[in-house]
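S.K.: Same order as they appear, the protein sequences are chains A and B. All residue numbers for the first sequence refer to the working numbering, where the first residue is 159 and numbers rise by one. All residue numbers for the second sequence refer to the working numbering, where the first residue is 1169 and numbers rise by one. One structure is given below, represented as structure tokens, and several questions about it will come after.
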Amino acid sequence: MKSLAELQAIRDKARTQLNIRNENDDNIRVLVGMATCGIAAGARPVLTAFVDECAKRGLENVTVTQTGCIGICQYEPVVEVIVPGEEKVTYVKMDAEKAKKVVNDHLVNRNVVTEYTIGKYSE
Amino acid sequence: MRELSLNIMDIAQNSVRAEASEITIRSIEDTGAKTLTLEVEDNGKGMTEEQIASVTDPFFTTRTTRKVGLGVPLFKMAAEQTGGSFSITSTLGKGTLTAATFQTDSVDMTPLGDINATVSLLINSNPDMDIVFIRSVDDKSFTLDTKQMREMLGDVPLNNPDVALWINSFLEENEKELFGGIDQ
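Laid out in structure tokens, this is it:
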């Protein structure tokens, strides 16, 4: 059974890694739209996939968070990826599998997955 | 909404927007009476009487990007369609309590779904906020309280990847225990 005491071990491990993280300021932000429209369209599995995949790969420079409705409810689940110094990329009609591909291609290898972006979709 | 846990996620987001520092989520199941009560309570900024009166109206929203607000109305509908009840009480400056009771044997009952994912993501996305999750089935219950977790974690944030994995296992194991060791 999981106990709270195990968190102390996690704390000790995390403290040794903290210094590495502070040194790089190229923090990538992933924003998943989680208003009523996003949730109803299936944003939760997308958010879970981003969190799990980033944890699995140990991506320390990625912050995954939720955001509200940005007004394009028909394209939900919508995900915005913000890489410092680059133009914001908006992915639409996302699902868990697409999320994993975005983590691999965009967050790790820095190649935008053009086929999932809003520009491609509205063509 | 296909799962009530998605409604919970949506309602909890209202608490986040109300600048709450603590959100309590309760899931209380009574298998004898065949009822499920879901509550979201926060210490956010609360609502005015006028806002409380109009919050269940789908055409009321405080947002400016669109004209509809469906979160609360959908949750209310999900409860009332089972023959259950819905209430929202709020005090300006003190906080809000949203509660819904469902009749679980109704054909129109929406399944609770993956409530663990809802709680886990809520903590992960709001690491500076305290989340208390209490789940009970008849006389058995368990609690996850981020305040207790913080005591152990010190300055390590709640959205640390290893912490997230710990939360998932904790919720999964306790859920199993609640249902007598049977996978849900």
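All C-beta atoms, glycine included, are put in the ideal place defined by N, C-alpha and C. Treat the numbers as computed from the prediction; the structure is a model and nothing was measured.
Tell me the rounded alpha-carbon separation between residue 255 of chain A and residue 207 of chain A.
M.R.: Mapped onto the first sequence, residue 255 of chain A falls at position 97. Mapped onto the first sequence, residue 207 of chain A falls at position 49. If you take the alpha carbons of residue 255 of chain A and residue 207 of chain A, they lie about 8 Å apart.
S.K.: Between which two residues does the alpha helix (DSSP H) carrying residue 1341 of chain B extend?
M.R.: Translated into the one-based positions of the second sequence, residue 1341 of chain B becomes position 173. 1329 to 1346 is the span of the alpha helix (DSSP H), which, as asked, contains residue 1341 of chain B.
S.K.: Does the beta-carbon of residue 1288 of chain B have 16 or more other beta-carbons within 10 angstroms, so that it is buried, or is it exposed?
M.R.: Counted from its first residue, the second sequence places residue 1288 of chain B at position 120. Counting Cβ neighbours within 10 Å, residue 1288 of chain B comes out buried, since at least 16 surround it.
S.K.: Is the beta carbon of residue 1214 of chain B closer than 8 Å to that of residue 1262 of chain B?
M.R.: To locate residue 1262 of chain B, count along the second sequence from 1; it is residue 94. To locate residue 1214 of chain B, count along the second sequence from 1; it is residue 46. Yes, the pair counts as a contact, with Cβ atoms nearer than the cut-off.
S.K.: Taking C-beta pairs closer than 8 Å, name the residues in chain D that residue 171 of chain A reaches, listed in chain order.
M.R.: Chain labels in this structure do not include chain D; the protein chains are A and B.
S.K.: With distance defined between alpha-carbon atoms, name the residue in A/278, A/172, A/166 and A/274 nearest to residue 216 of chain A.
M.R.: The sequence position of residue 216 of chain A within the first sequence is 58, counting from 1. Of the listed residues, the one whose Cα sits closest to residue 216 of chain A is A/172.
S.K.: Flag this pair as yes or no: are the beta carbons of residue 1311 of chain B and residue 1204 of chain B separated by less than 8 Å?
M.R.: For the purposes of this step, residue 1311 of chain B is taken as residue 143 along the second sequence, with counting starting at 1. For the purposes of this step, residue 1204 of chain B is taken as residue 36 along the second sequence, with counting starting at 1. No; because the gap between Cβ atoms is not below 8 Å, this pair is not in contact.
S.K.: Bridge partners of residue 240 of chain A, per DSSP?
M.R.: For the purposes of this step, residue 240 of chain A is taken as residue 82 along the first sequence, with counting starting at 1. Paired residue(s): A/187.
S.K.: Give me the subset of the region 1303 to 1332 of chain B whose CB atoms are less than 7 Å from a CB atom of chain A, sorted by chain position.
M.R.: Per Cβ criterion, the list reads 1316, 1317, 1320, 1321, 1322, 1324, 1328, 1329, 1330, 1331 and 1332.
S.K.: For residue 1250 of chain B, I'd like the list of residues in its chain whose CB is within less than 6 Å of its CB, leaving aside the five on either flank, ordered along the chain.
M.R.: Against the second sequence, residue 1250 of chain B aligns to sequence position 82. The residues are 1270, 1271, 1274, 1276 and 1277.
S.K.: Could one say the Cβ of residue 197 of chain A lies closer than 8 Å to chain B's Cβ atoms, at least one of them?
M.R.: Here residue 197 of chain A is taken as the residue at index 39 of the first sequence, counted from 1. For residue 197 of chain A, the answer is yes, since a Cβ of chain B falls inside 8 Å of its Cβ.
S.K.: Measuring straight from C-alpha to C-alpha, what distance separates residue 1268 of chain B and residue 1224 of chain B?
M.R.: Counting from one through the second sequence, the residue named residue 1268 of chain B turns up at place 100. Counting from one through the second sequence, the residue named residue 1224 of chain B turns up at place 56. Residue 1268 of chain B and residue 1224 of chain B: Cα-Cα distance of roughly 13 Å.
S.K.: In three-state DSSP terms, what is residue 1222 of chain B?
M.R.: On the second sequence, residue 1222 of chain B is found 54 positions in, with the first residue counted as 1. Three-state result, residue 1222 of chain B: helix.
S.K.: Helix, strand or coil, according to DSSP, for residue 1262 of chain B in the structure here?
M.R.: Numbered from 1 along the second sequence, position 94 holds the residue referred to as residue 1262 of chain B. Coil.
S.K.: How would you call residue 249 of chain A, buried or exposed, if buried means at least 16 neighbouring beta carbons within 10 angstroms?
M.R.: Translated into positions along the first sequence, residue 249 of chain A becomes position 91. Classification for residue 249 of chain A: buried.
S.K.: Less than 6 Å between C-beta atoms, sequence neighbours within five positions excluded: which residues of the same chain meet that for residue 1188 of chain B?
M.R.: The residue given as residue 1188 of chain B occupies position 20 in the second sequence. Only 1210, 1211 and 1212 meet the Cβ criterion.
S.K.: Is there at least one Cβ from chain B nearer than 8 Å to residue 168 of chain A's Cβ?
M.R.: Within the first sequence, residue 168 of chain A is the residue found at index 10, counting from 1. Output row for residue 168 of chain A: interface = yes.
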